[in-house]
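*Asks:* Taken in order, these protein sequences are the chains called A, B, C, D, E and F.
In terms of UniProt numbering, the first sequence has 4 at position 4, counting the first letter as 1, and numbering is strictly consecutive.
In terms of UniProt numbering, the second sequence has 281 at position 281, counting the first letter as 1, and numbering is strictly consecutive.
In terms of UniProt numbering, the third sequence has 62 at position 62, counting the first letter as 1, and numbering is strictly consecutive.
In terms of UniProt numbering, the fourth sequence has 296 at position 296, counting the first letter as 1, and numbering is strictly consecutive.
In terms of UniProt numbering, the fifth sequence has 242 at position 242, counting the first letter as 1, and numbering is strictly consecutive.
In terms of UniProt numbering, the sixth sequence has 121 at position 121, counting the first letter as 1, and numbering is strictly consecutive.
Just so you know, even glycine gets a beta-carbon here, dropped at the ideal spot from N, CA and C.
There are 6 protein chains.
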Amino acid sequence: MDVITFGESMVLFNPDAKGPLRYIHTFSKTLAGAESNVAIALARLGHDVGWFTKLGDDEFGRYIECFIRGEGVDISRIIKDETRSTGLLFKEHFAHVNPNVYYYRKNSAASSIAPSDLDYDYIKSAKILHVTGITPALSDRARETVMEAVDYAKAHGVKVSFDPNIRLKLWSIEEARPVILELCKKADILFPGIDEAEMLLGENEPEAIIKAFHEMGPDVIALKLGKKGCMVSNGKESHFVKGYTVQTMEDSIGAGDGFAAGFLSGLIKGNPIKTCGEYGNGVGAMATLVKGDVEGLPTFDQLLTFIHKKKHIDR
Amino acid sequence: MDVITFGESMVLFNPDAKGPLRYIHTFSKTLAGAESNVAIALARLGHDVGWFTKLGDDEFGRYIECFIRGEGVDISRIIKDETRSTGLLFKEHFAHVNPNVYYYRKNSAASSIAPSDLDYDYIKSAKILHVTGITPALSDRARETVMEAVDYAKAHGVKVSFDPNIRLKLWSIEEARPVILELCKKADILFPGIDEAEMLLGENEPEAIIKAFHEMGPDVIALKLGKKGCMVSNGKESHFVKGYTVQTMEDSIGAGDGFAAGFLSGLIKGNPIKTCGEYGNGVGAMATLVKGDVEGLPTFDQLLTFIHKKKHIDR
Amino acid sequence: MDVITFGESMVLFNPDAKGPLRYIHTFSKTLAGAESNVAIALARLGHDVGWFTKLGDDEFGRYIECFIRGEGVDISRIIKDETRSTGLLFKEHFAHVNPNVYYYRKNSAASSIAPSDLDYDYIKSAKILHVTGITPALSDRARETVMEAVDYAKAHGVKVSFDPNIRLKLWSIEEARPVILELCKKADILFPGIDEAEMLLGENEPEAIIKAFHEMGPDVIALKLGKKGCMVSNGKESHFVKGYTVQTMEDSIGAGDGFAAGFLSGLIKGNPIKTCGEYGNGVGAMATLVKGDVEGLPTFDQLLTFIHKKKHIDR
Amino acid sequence: MDVITFGESMVLFNPDAKGPLRYIHTFSKTLAGAESNVAIALARLGHDVGWFTKLGDDEFGRYIECFIRGEGVDISRIIKDETRSTGLLFKEHFAHVNPNVYYYRKNSAASSIAPSDLDYDYIKSAKILHVTGITPALSDRARETVMEAVDYAKAHGVKVSFDPNIRLKLWSIEEARPVILELCKKADILFPGIDEAEMLLGENEPEAIIKAFHEMGPDVIALKLGKKGCMVSNGKESHFVKGYTVQTMEDSIGAGDGFAAGFLSGLIKGNPIKTCGEYGNGVGAMATLVKGDVEGLPTFDQLLTFIHKKKHIDR
Amino acid sequence: MDVITFGESMVLFNPDAKGPLRYIHTFSKTLAGAESNVAIALARLGHDVGWFTKLGDDEFGRYIECFIRGEGVDISRIIKDETRSTGLLFKEHFAHVNPNVYYYRKNSAASSIAPSDLDYDYIKSAKILHVTGITPALSDRARETVMEAVDYAKAHGVKVSFDPNIRLKLWSIEEARPVILELCKKADILFPGIDEAEMLLGENEPEAIIKAFHEMGPDVIALKLGKKGCMVSNGKESHFVKGYTVQTMEDSIGAGDGFAAGFLSGLIKGNPIKTCGEYGNGVGAMATLVKGDVEGLPTFDQLLTFIHKKKHIDR
Amino acid sequence: MDVITFGESMVLFNPDAKGPLRYIHTFSKTLAGAESNVAIALARLGHDVGWFTKLGDDEFGRYIECFIRGEGVDISRIIKDETRSTGLLFKEHFAHVNPNVYYYRKNSAASSIAPSDLDYDYIKSAKILHVTGITPALSDRARETVMEAVDYAKAHGVKVSFDPNIRLKLWSIEEARPVILELCKKADILFPGIDEAEMLLGENEPEAIIKAFHEMGPDVIALKLGKKGCMVSNGKESHFVKGYTVQTMEDSIGAGDGFAAGFLSGLIKGNPIKTCGEYGNGVGAMATLVKGDVEGLPTFDQLLTFIHKKKHIDR
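1. Output yes if chain D places a C-beta closer than 9 angstroms to the C-beta of E82(C); else output no.
2. Do you know how far the Cα of D16(C) is from the Cα of Y122(F)?
3. Starting from F191(B) and walking both ways along the alpha helix (DSSP H), at which residues does that stretch end?
4. Give me the Cα-Cα distance between L289(D) and G256(D), rounded to the nearest whole angstrom.
5. Report yes or no: do the segment 138-157 of chain F and the segment 297-305 of chain E share at least 3 C-beta pairs separated by less than 8 angstroms?
6. Counting only Cβ-Cβ distances shorter than 8 angstroms, please list the residues of the segment 283-298 of chain C near chain A, keeping chain order.
7. Looking at chain F, which residues of the segment 28-61 of chain A have a Cβ within less than 9 angstroms of any of its Cβ atoms?
8. Looking at the secondary structure, which residues open and close the beta strand (DSSP E) in which I79(A) lies?
9. Exposed or buried, what is D58(C) when buried is set at 16 or more other beta-carbons lying within 10 Å of its beta-carbon?
10. Taking DSSP's pairing of strands, which residues face S125(B) in a bridge?
11. Hey, does E182(B) have any beta-carbon neighbour from chain A nearer than 9 angstroms?
12. Quick check on this structure: which residue in G19(B), V232(B), M1(B) has the alpha carbon closest to the alpha carbon of K291(F)?
13. Could you pull the start and end residues of the beta strand (DSSP E) that D163(B) belongs to?
14. First and last residue of the beta strand (DSSP E) that includes H214(F)?
15. Between A261(E), K269(E), G270(E), P272(E), which has its C-alpha nearest G282(E)'s C-alpha?
16. For Y120(E) and H156(E), what's the separation of their Cα atoms in angstroms?
17. Quick check on D301(C): does DSSP put it in helix, strand or coil?
18. Hey, F263(C) and G277(C) are a contact pair by Cβ (cut 8 angstroms); roughly how many whole angstroms apart?
19. Between R77(E) and chain D, is any beta-carbon pair separated by less than 9 angstroms?
20. Out of curiosity, what's the CA-to-CA distance linking I68(C) and F27(C)?
21. Would you say P20(F) reaches chain D, if we count a Cβ-Cβ gap shorter than 9 angstroms as a contact?
22. Give the range of the alpha helix (DSSP H) segment to which T5(E) is assigned.
23. Pull up the distance between the alpha-carbon of V241(B) and that of R22(A), whole angstroms please.
24. In terms of DSSP beta bridges, what is N234(E) paired with?
25. To the nearest angstrom, how far is it from the Cα of Y102(D) to the Cα of P136(D)?
26. Suppose contacts are defined by Cβ-Cβ distances below 9 angstroms. Is G133(D) in contact with A176(D) by that definition?
27. Can you confirm whether E175(F), when its beta carbon is compared against all beta carbons of chain E, has any partner nearer than 9 angstroms?
28. In or out: D2(B) buried (at least 16 other Cβ within 10 Å) or exposed?
29. Which of the three DSSP states, helix, strand or coil, is assigned to E92(B)?
30. Could you check if N14(B) is buried or exposed, using at least 16 other CB atoms within 10 Å of its CB as the buried criterion?
31. Can you name the residues that DSSP bridges to H130(E)?
Quick look at the structure:
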C-alpha cells in the first residue's frame, strides 16, 4: 500500500434547491468524508490505497462501502457495528452564505472506533498513514485510536501525514488545540491551512508558520493558502507555489482533500517538493470544477494536462 | 379544546423507488407521527384540537411545526430544544414485505420531553387527552411525562384516550407490557388492536378481550380487527361493526390513527357507540386510499358520503 | 391583531426550466400574492397578523389556506366561494428579460370579493389595515371592498397602510391613476416605488415626491428606490436610508412586500422612522436571497444579525 | 381530406402522484381534446385529416398547435384569438374513484368559436365531418357553429359523423338532451355510448336503441358497449362485435375517441360494417394500454397485428 | 418552397447535472441537427421550408419526425431505413470547458443516405438548397449525395447555400479541406466562420478571406465573426455588421445555424445585404438566450422587436 | 477465484414512464449484462469471483467498471479499447407486452473481444469458468474467444459452466444452434431453459431433455422450468425442485442469472444437487422482487432466511 487512511464517511443528503430545508421537497443521496476523499483521489492518481472505518450494518453503510470500493480503494478492513447507525449529513444551500450542515452522527458507528479495531499489520504495510483532525473530535475512543495508529506507524517506519481539518461544529478551539498540536508534533508531513495555523499558533505570516511547525517536528510542511496556492517546505528548501485560477468554481468542498492527495502523490513518486505543491494545487483546483467532493478528481494524465494548460495560459 | 394530544413527530424520507436504499438516488420529505395523525384527522373532522411535542431548533422542526399548524391544529404549546435534533425516519420499500424503517431518533428533542414541559392548564381545558404507547417507549422521562399528564387529566375530569401502539423496534414486549397495561388501567377510552391484545393479555377472542379490558378500568373500548372492522363496547352494549372494503389500498399506515380519530369524533358529537365504530372504520378506510398518513383523511361531510355510499354498495 | 390585510393569492406554477412554455414538460406548484407575502413576513417577524380573501372551494384554495395558516397567519376570515375557482398564475423565465406571466384569474373567487364579505369587528381589532393597489384592479366589487374597508378603518382609529403596487397587466395607468391616488389620500402610511410615483405624479425627484404625497394626506411615507434603498419621512424628519448590497440576487419578486413588512414592523415596535427604513431595506434584501416570495423572509433575530453584519461589512 | 373535425383541445396538467392536489408538488404538461384525439388516431391509421379550433395567442396554444401538427394532422385552419386564453385542465387521481377534473376553460379562446370562423370550402373538401357533443356545451356561439358546420356539410354531400360525448360537468342533461338529439338527427354516422343512449332515450336495450336512432335519421350507428364491445348497424344488417380483452388497462380515457377513429377508418376504406366495428374495438382497446389519450394509438399495421393476435388468443 | 435542406438529426441525451457521465443518474431527451435547426428557424420566420434525412424505423426516428413536423417544416421526403438505427448523441457538461460529445452515429440511417434517395423534382421546386459540411463527413455515399444535390440544384437554377461546419470529431482537417473547398466553389451563398476560414485558407483577415472566397465562386458571403458580428459581401458592396451583445448566454450551440437562417430569410425577402447580416446576427443572438438549439428561435416579429430594442440600447 | 466469467455489459437507459419512447422525456441510467449479473450474485453470496470484458475508454465504460468493482467483483482483467464505444441498451415498457429493446452495441468494444485478450493464468486460477451463449453471438472473434477460453479451461482442470441464453435479436436459431450445441458439449455444468432446450433439441419433456444433454457431455444439468422451478441432475440422481412462489414480481429479468449463481454457489460449497437447485430457485426468485437485475440479489444469510420462510409458508 502507498497510503492507508481512516475516518468517518457519512451519507450526505443534498437538497434539490436552495433555501431553508423546510421548503425543500426532494433530496439526493451522495457521500462525504475527508479521509475517503483523499483515498479516492490517490486511487484515481494511480496509487494503491486503503481506507477503513466503522459502518452501521445498514443500507447506508453498504452504500458507502460499495461506492468507495467502486473507486478502486481497498476497503477490506472496514468493520461493521450492528448496534450503531451510519452517520448522516444534510446540507442547506443559500445564494449568499456558505451552506449550513445538519449532522446526525452523534454515537454513529464511526464515532465508536477504538484502538482494538486497528489492524496493525495492515498499517505497517503502508508507506504513509494519513489522518485528519476530524477523527479525534468524534469521541474519546476515536481520539485514542488516532493516537495509537500514529504512534504505531512512527514506531514501524511508516510516515505519518496529518491534515488538521479543524471542525468547530464538533469541538471548540480550546478543546481542539492541544489534541491537534500533539498530532502536528507526531506528523512527518503536515497540511495546515493558513486560518488553522493562525488558530493554533496565533501567527499569520507563512514563513513564520512554517518555521514554527518545523520546530515541532514535521519534516515536510504544505501550508494551504486558499486560492493563492501554497507554501511548501522540507526544511532544506521552501517555495511559494501559485494556485491555478479557475473561472467558475462549482463546489469548494473537497479542495483541501484533493490538495493533500496531489501533494502526497508527488512525494510518493519522488518529485521535488515544489512539484508536489503544483500537484496539490492542481488536484485541489480540479476538485472544485465539479459539484461533489470526488467527481472532479483527476487521473494522473488529466492532472498533467491541466497543469500544462494552465501554465501555458497564465504565461 | 375537544382533544389534546402529544408525542413525537419525525421528518420522514421516502425513497423514490422500491429496493435496497443503497441503490436509491432521491428521497422525498414528508412527516410521520401517530399522535399528530390523530390531531390532523380530528381537525379535518371539524374539532378544536391541540398537539404538542419537543422539536429541535432546526429546519426539520420548523417543517413539522408549519405543516401541522397549516392543517388547523393548535401547536401553541410546542417546545423548542436548542441542544437536540428533530428525529428522522427513512423507509425502505419492497414488493413482497412490509417496509423497513431506519430511525434517527435516539436522543431526539421529542424523546427528552419531561413532566416540566407540560402546560397543565392547557390539558385541563380539553374534553379528552389522547396518548399512545409510543411515547413511553422513547425514554424514562417521556414515560413519566405520559403518566403525569394522564394522572393530571383524570384528576381534573378530562377523559383519557389511549392507543397502545406497541412498537417492538423501540422496546421488547417484556419492557412494554407493564407500562402499557398501567396506561390501559388509567384510560377511559381504549383502542387496542387484536394483535396487541393478544400480546398483552394472551387472549385472542374479541368478547373475552373486551371483558378483560373493562375489568381493568376503561368505560369505552374499541377493539380494532383490521380489515374486518372493530368491536366496540361501552360496558352496557357492545357491537361488532363490519369494516368498509376498499379495492385498492395505497398505504395502510395511518389507518389505526384514523380509526381513533373517527371514533373519538363520534363520541364527542354524542353518537351511539355503534355509530362511533362506523366513523372509526370509515376514517381508517379512507386514510388507506391515499399514500401518506394524513393526505387521505376526510372532512366530516366526506366521511358521511363515503359511509353512505359504502353501505349502499355493500347491501 | 397588529396588522390585518386582504387580497388575492394565487397558485403559481413555475416551469422547471427556462424558455418558452411550449417546450417545458414539468411545473412546480407554489403560491403568490402580495398581501399574503406581507402577512407572512410580519408573522415571521413576530407579529399577530391576519389575512383573508375569497377562495374557490377547491384543492387549490385549500392549498393556499393550509400554506398561509402554516406560516402562523390568522386565516379565520377566509370565505369560500362554491361557484368560482381559485386564481392561477404561470411564469415563463428567460435568461435576458423579466419573466412572462400568464394569469388565469379572470372571474376568480378572489376577484368577486364584495363589501359584504368584510368582518368589520375584525378590522376594528387591528392596529393597522394594509391594502394594495392590486385588489381594486380585480373588479368593481373588489375596488368597492377596498374603499369600504379603508374608510371603516379610518373611521375607527385603525391606521391605513397602502402599497400602490400598480400592475399594468390588470389595468391601464389611466384606469389605475384616479383609484390609486384616492387610496393614497386615504392612507396613513404609504409605500410608493419611485417608478410608480413618477407614473402617478409626473415627478421623479425623491424630496418632491415625498412633499407631494404628504400634501395629499399620509403622515408616513416610505419611498422605495430599488437597490439604492429608500427615503422615509414622517413629516417632521426625513432620511435617505442606503440599501444593503447583496452579491447574488436569486429572485427580486417579494422584495417590495418584504420592505413594507419590515417597515411596518419597525413602526409597530415604536422605532424611529430611520430604523423602520433599515428594517424595510433589510427584509426586502433578505427576501431576494432565496427563490420564492416568502422562503427567504427572516425572523426578527435573523433580521438584526443581517443588518448588523451588513453595516459592519459596508463600513 | 378524408375527415375534418373541430373542437376544443386544452393543456392538461397531470399531478405526479395520487391524492388531493394540495399535497402535490409537481405537474406534467400534456394535452387533451376529444376531437383532436380522433384526428390524431385517423392520421396514424394513414388518413388525410384536418382539425381546427380557436387558440389563445399564447405558449399553451402554440404547444397544442405544434403537438397536433407533429402528429401529421392538418392544422392550417386554426384561428388565434389575441383576447382570450387557451383552456386548461387539471386532473386529480385517486386509487378508488375516477379522477377529478378542474377546468379553467370558461371564456377560453375555443369556447368563443363562431360560425364566421368556419372555412366552408375546407369543410366541403372532406368526405366526413366529425363533431362531438362537447362543442355545443361550450357556448351559444360554439353551438351555432356546430349546427352551421353540420348543415353546410349535409347540404354539400359531406357525411356527418357525431359522437354525443355528453359531459355533465359542462351542462345538465336537461340542457344537453334537445341539442344532442338535434345533432343525432342530422348525423349520418352516430357513436352513442350505452349510458348516453339511456340518458337520451330512456331505453337500455341495444336493439331498441339502434332502432330508435335509425328512425331519427342516421344510416350508420355504432353503439359503444364499453368492455363488452359494440353493436353496429347500417340499417340493412346489424352485428354485435365482441370487445378485445386487455389484462392491464393503463388509462381508459381516449378509448371512445379511438373507437370512433377506428370505425371511421374502416368505413372510409370501404369495409363491411362488422369489420368497422372490429377496427373500432381494436383502436379503442389499444388506446387504453398506454397512459395518455393518444400515445397508444396504432398505425394500421399495428391495428391488424393486434386484432389478429387477439382473435387467435381468444379462440 | 423557399428553402430545402437535408442532413442528419440525432436524438440528444442531456445529463441532468454537470460532471463526468459516470456519476449522472438521469438524462433528458431532445434533438440536435444543424440542418434541421436552419429549417426550423426559417419556418418560424415565416418561410416554406423542407428538410429531409434517412431515419431508422424506430421510436427515435419517429420522435425526430414528429418534432420537426410539429415546427411547421415539410418532412414529406424523409426516408425510413429498416436496417439501420437513428443516430444518438450524449453531452457531458463541465463548468470550465466546452461540453464533451459522445456520438452513437456510426452506420446510422442518416449516414447511409445515397444519391438515389434524392427527390430531384422536390429540389428543383426550391429557391435555395442549403447544405452543410457535416453531411459529407458522414460517409462516402453521403458525400456523393451532397455533391449530386448541389450539382443538380445549380443546373436547375436553384441557389446553393453552404455552411462549412467543419467537425473535427468526424474527420481530420486534411480529409475535410478538399471536400469543403469543392463545396465552397459550388456555392452561391457561403457561411464560413472566421476559424474555419483560417483552417481552409490559412488567412485570418476578414477582407482577405472574403476576397479569396469570392474568387472561388460564391456571389454572397457572410463571414461569421462570433460575438463581434459578421462581415457580409455580395461582391459589389461589403459591410462589417456589429453583433448584438447579450448579457447572459445560456447555450451557444445553434447560434451559427440561427445566423444562416436569419441571413437567408433576409435574402429571400429581398433585403440589402447589410440588413441580411443584421437578421443573421439577431437570430443567432436570440438562439443563445434559451437552452437548446431551437427553443429560442424567433418569429419575424420577435426578431424585429429584438433588433430594434438592441439598436436603441446600444446607441 | 471460485468463478471467473466474461461477457458484454452495457449501459441501460430506462424510460421514466411506460409507452412509446418518442413520448418519453427522461431516462435513468443503470447497467445490464448476463455474466456480470452472475458475478455480482456470486460475490454477494460470499464467493471470490472475477469478471472481465472489453470496454470503451469512455465515461460509460468507467461507470460499468466502478459499479461492478463496487459490488466486490474482481475486475482487474478488464481491457480498454480506445477505438470503440461501450455498448448501450434502451428499454421501452408497455402494460401488456414484454419490453422492447433497442441496442446500440454493434461494433461495441465488447464485441471486439479476441482470444489474445484472454489472461490464461487468470482463467487457470478459477475453480469454474462461466460463459453464456450471448458472447458468441456478438462477433466471430467473440465466438472464437469463448471457444478458446472454454478449451483452455477444460485442458487445465477448470470446470466449464454454460448458460445458453439464446438471444434471437442477435442471431437466428439456425445460426445459434450449432454454436450453442458445441458449447453444450464442452460444458461440465449446463443451465438450459425449457424453451431453449426445445429450440435446440426439438424435445420438451424434462427427463428426455436431461438425458439428451447428459449424452452430449455435461455432468451436471440444471434445467430451468420458469416459475415451476427446475429439474437438476448429476447423472446419478435427478430431482424436480419446486420453485418459490412470489406474489408480486417486480422484474423477471435477471432471474436466470440469479438461478445460475445460486446453483453454482451450492456446488462450490459441496452441497447435494437438490440443495443446489433450491439455492438456484431461491436466488432467482429473490432477484425478481426488486426492479433491476442485481438490486434484489441476496447475501447467503438472506438466501437461507428466504428459503426457510418459504418452506414454512408453503407447507
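*Replies:* Per the coordinate set shown:
1. Stepping through the third sequence from its first residue, residue 82(C) is reached at position 82. For E82(C), the answer is no, since every Cβ of chain D falls outside 9 angstroms of its Cβ.
2. For the purposes of this step, residue 122(F) is taken as the residue at position 122 of the sixth sequence. For the purposes of this step, residue 16(C) is taken as the residue at position 16 of the third sequence. Rounded to whole angstroms, Y122(F) to D16(C) spans 51 angstroms at the Cα level.
3. Indexing the second sequence from 1 puts residue 191(B) at position 191. Unbroken run through F191(B): none, as it is neither H nor E.
4. As a first step, residue 289(D) is located in the fourth sequence; it is residue number 289 there, counting from the start. As a first step, residue 256(D) is located in the fourth sequence; it is residue number 256 there, counting from the start. Inter-residue distance for L289(D) and G256(D) is about 13 angstroms (C-alpha atoms, whole angstroms).
5. No, the segment 138-157 of chain F is not in contact with the segment 297-305 of chain E.
6. Those residues of the segment 283-298 of chain C that come within reach of chain A (Cβ to Cβ, closer than 8 angstroms) are L289, V290, K291, G292, E295, G296.
7. Taking 9 angstroms as the Cβ-Cβ cut-off against chain F, none of the residues of the segment 28-61 of chain A qualify.
8. Position 79 of the first sequence, counted from the start, is the residue given in the question as residue 79(A). Taken as a continuous stretch (DSSP letters only), the beta strand (DSSP E) holding I79(A) covers 79-81.
9. Locating residue 58(C) in the third sequence gives position 58, where the first residue counts as 1. D58(C) comes out buried.
10. For this step, residue 125(B) is matched to residue 125 along the second sequence. In the DSSP output, where bridge partners are listed per residue, S125(B) has none listed.
11. Stepping through the second sequence from its first residue, residue 182(B) is reached at position 182. Nearest CB-CB separation between E182(B) and chain A: not below the 9 angstroms threshold.
12. For this step, residue 291(F) is matched to residue 291 along the sixth sequence. Comparing Cα positions, the closest option is G19(B).
13. The residue given as residue 163(B) occupies position 163 in the second sequence. Here the beta strand (DSSP E) through D163(B) covers 159-163.
14. To locate residue 214(F), count along the sixth sequence from 1; it is residue 214. Element bounds for H214(F): not the beta strand (DSSP E) but the alpha helix (DSSP H), 206-216.
15. Counting from one through the fifth sequence, the residue named residue 282(E) turns up at place 282. Cα-wise, what sits closest to G282(E) is A261(E).
16. Counting from one through the fifth sequence, the residue named residue 120(E) turns up at place 120. Counting from one through the fifth sequence, the residue named residue 156(E) turns up at place 156. A direct Cα-Cα distance of roughly 10 angstroms separates Y120(E) from H156(E).
17. For this step, residue 301(C) is matched to residue 301 along the third sequence. Looking at D301(C) - three-state DSSP - the assignment turns out to be helix.
18. Indexing the third sequence from 1 puts residue 263(C) at position 263. Indexing the third sequence from 1 puts residue 277(C) at position 277. Beta-carbon to beta-carbon, F263(C) and G277(C) are separated by about 7 angstroms, close enough to satisfy the 8 angstroms threshold.
19. Taking the first residue of the fifth sequence as position 1, residue 77(E) is located at position 77. No, no contact with chain D.
20. Counting from 1 along the third sequence, the entry for residue 68(C) is found at position 68. Counting from 1 along the third sequence, the entry for residue 27(C) is found at position 27. Between I68(C) and F27(C), the C-alpha separation is close to 21 angstroms.
21. Here residue 20(F) corresponds to residue number 20 of the sixth sequence, with the count starting at 1. It does: the Cβ of P20(F) has a partner Cβ on chain D nearer than 9 angstroms.
22. Residue 5(E) sits at position 5 when you count from the first residue of the fifth sequence. Run containing T5(E): none in the alpha helix (DSSP H); it sits in the beta strand (DSSP E), 3-6.
23. In the second sequence, residue 241(B) corresponds to position 241, counting from 1. In the first sequence, residue 22(A) corresponds to position 22, counting from 1. Going by C-alpha positions, V241(B) is about 41 angstroms away from R22(A).
24. Counting from one through the fifth sequence, the residue named residue 234(E) turns up at place 234. Bridge partners of N234(E): none, in fact.
25. In the fourth sequence, counting from the first residue as 1, residue 102(D) sits at position 102. In the fourth sequence, counting from the first residue as 1, residue 136(D) sits at position 136. If I take the Cα positions, the gap works out to 20 angstroms.
26. Mapped onto the fourth sequence, residue 133(D) falls at position 133. Mapped onto the fourth sequence, residue 176(D) falls at position 176. Between G133(D) and A176(D), the gap from beta carbon to beta carbon is short of 9 angstroms.
27. Here residue 175(F) refers to the residue found at position 175 of the sixth sequence. No, no contact with chain E.
28. On the second sequence, residue 2(B) is found 2 positions in, with the first residue counted as 1. Buried, because 16 or more other Cβ atoms sit within 10 Å of the Cβ of D2(B).
29. For this step, residue 92(B) is matched to residue 92 along the second sequence. Correct three-state label for E92(B): strand.
30. Counting from one through the second sequence, the residue named residue 14(B) turns up at place 14. It counts as buried.
31. For the purposes of this step, residue 130(E) is taken as the residue at position 130 of the fifth sequence. As a beta-bridge residue in DSSP terms, H130(E) pairs with T5(E), S161(E).
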